[in-house]
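Start counting the sequence shown at 13; every next residue gets the next number (the numbering used here). In this text, a Cβ means the ideal position worked out from N, Cα and C, and glycines have one as well. Please read the structure below before turning to the comments.
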Amino acid sequence: MMNPSVKLTMTLLLLSALSGCAASEHADVHDDDHHLEHFVPHHKPANFAVAVEEVEHRAQHLSEHAGHGHDDEAEEFQELIDIVNWIPELAADSDLNEPDWNTANSAAAVLARTLQSRQSKDGSLNLTDLPNAVATEQNTLESLIAAAGKPEPAMHQDHDHDHHEHDH
């Protein structure tokens, strides 16, 4: 028969080991959340002005290379949609006043609908004459760049702690 004090000691050790595992699992989940919180897609513009420039550049590029059989055409188109969808956020982070932000938000919504209309249900894309299709909203957004103020310094997509300490 086991001594009651030995039994109590073993129970306490087992409980502390189990709670340590739970805390470790919680820390792993927290670390994953921490990494997701700091993830910035490589194509996300640093500020409103860069976003507006990227829309123009990418629309032109996609139109010029439409139908050439590039494997990354769909991915580039999706990145353009992402950038358009970030415009309201980037405009909010700028010095735009509320009426100007409303204008930027509205132009981005029209751009998003225009781009979506260029993708058929089967996933095929109609990218011919894309710059002309987005020209009105592009001009509207360009007219707001000066009011958006001097862009903040670009933030690095990495953060400062050492990734070697984490298991990926």
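| What's the C-alpha gap between residue 147 and residue 113? | The count along the sequence shown starts at 1 and reaches residue 147 at position 135. The count along the sequence shown starts at 1 and reaches residue 113 at position 101. So the alpha carbons of these two residues sit roughly 19 Å apart.
| said: So within the region 135-164, which uninterrupted alpha helix (DSSP H) runs reach at least 4 residues, ignoring any that extend past its ends? | reply: The qualifying runs are 142-145, 147-156.
| query | For residue 121, which of 140, 54, 109, 97 has the nearest alpha-carbon? | reply | Here residue 121 refers to the residue found at position 109 when the sequence shown is read from its first residue. Checked all of 140, 54, 109, 97; the closest Cα to residue 121 is 97.
| query | Taking the C-alpha atoms as reference points, what is the distance between residue 160 and residue 64? | reply | Walking along the sequence shown from the start, residue 160 turns up at place 148. Walking along the sequence shown from the start, residue 64 turns up at place 52. If you take the alpha carbons of residue 160 and residue 64, they lie about 11 Å apart.
| field | Alpha-carbon to alpha-carbon, residue 87 and residue 153 | value | On the sequence shown, residue 153 is found 141 positions in, with the first residue counted as 1. On the sequence shown, residue 87 is found 75 positions in, with the first residue counted as 1. A direct Cα-Cα distance of roughly 24 Å separates residue 153 from residue 87.
| field | Close Cβ partners of residue 110 (< 8 Å) along its chain, the five nearest in sequence each way excluded | value | Position 98 of the sequence shown holds residue 110. Taken in chain order, the list of residues that qualify is empty.
| Are there 16 or more other CB atoms within 10 angstroms of the CB of residue 125, so buried, or fewer, so exposed? | Translated into the one-based positions of the sequence shown, residue 125 becomes position 113. Burial check for residue 125: the Cβ neighbour count within 10 Å stays below 16, so the residue is exposed.
| field | Supposed close pair residue 137, residue 92 - CB separation, criterion 8 Å | value | For the purposes of this step, residue 137 is identified with residue 125 of the sequence shown, where counting begins at 1. For the purposes of this step, residue 92 is identified with residue 80 of the sequence shown, where counting begins at 1. Not confirmed; about 11 Å, so no contact.
| Between the C-alpha atoms of residue 129 and residue 151, what's the straight-line distance to the nearest angstrom? | Taking the sequence shown and counting its residues from 1, the one referred to as residue 129 is at position 117. Taking the sequence shown and counting its residues from 1, the one referred to as residue 151 is at position 139. When rounded, the distance between both Cα atoms is 20 Å.
| query | What are the start and end residues of the alpha helix (DSSP H) that includes residue 131? | reply | Translated into positions along the sequence shown, residue 131 becomes position 119. Per DSSP, residue 131 belongs to no alpha helix (DSSP H) and is neither H nor E.
| Under 8 Å, do residue 54 and residue 94 count as touching if we go by C-beta distance? | Numbered from its first residue, the sequence shown carries residue 54 at position 42. Numbered from its first residue, the sequence shown carries residue 94 at position 82. In this structure, residue 54 keeps its C-beta atom at 8 Å or more from the C-beta atom of residue 94.
| message | I'd like the span of the alpha helix (DSSP H) that includes residue 96, first residue to last. | response | The count along the sequence shown starts at 1 and reaches residue 96 at position 84. Residue 96 -> alpha helix (DSSP H) spans 85-104.
| C-alpha distance - residue 51 paired with residue 57, whole-angstrom precision | For this step, residue 51 is matched to residue 39 along the sequence shown. For this step, residue 57 is matched to residue 45 along the sequence shown. Between the alpha carbons of residue 51 and residue 57 lies a gap of roughly 13 Å.
| said: Looking at the secondary structure, which residues open and close the alpha helix (DSSP H) in which residue 62 lies? | reply: Within the sequence shown, the letter at position 50 stands for residue 62. Taken as a continuous stretch (DSSP letters only), the alpha helix (DSSP H) holding residue 62 covers 60-76.
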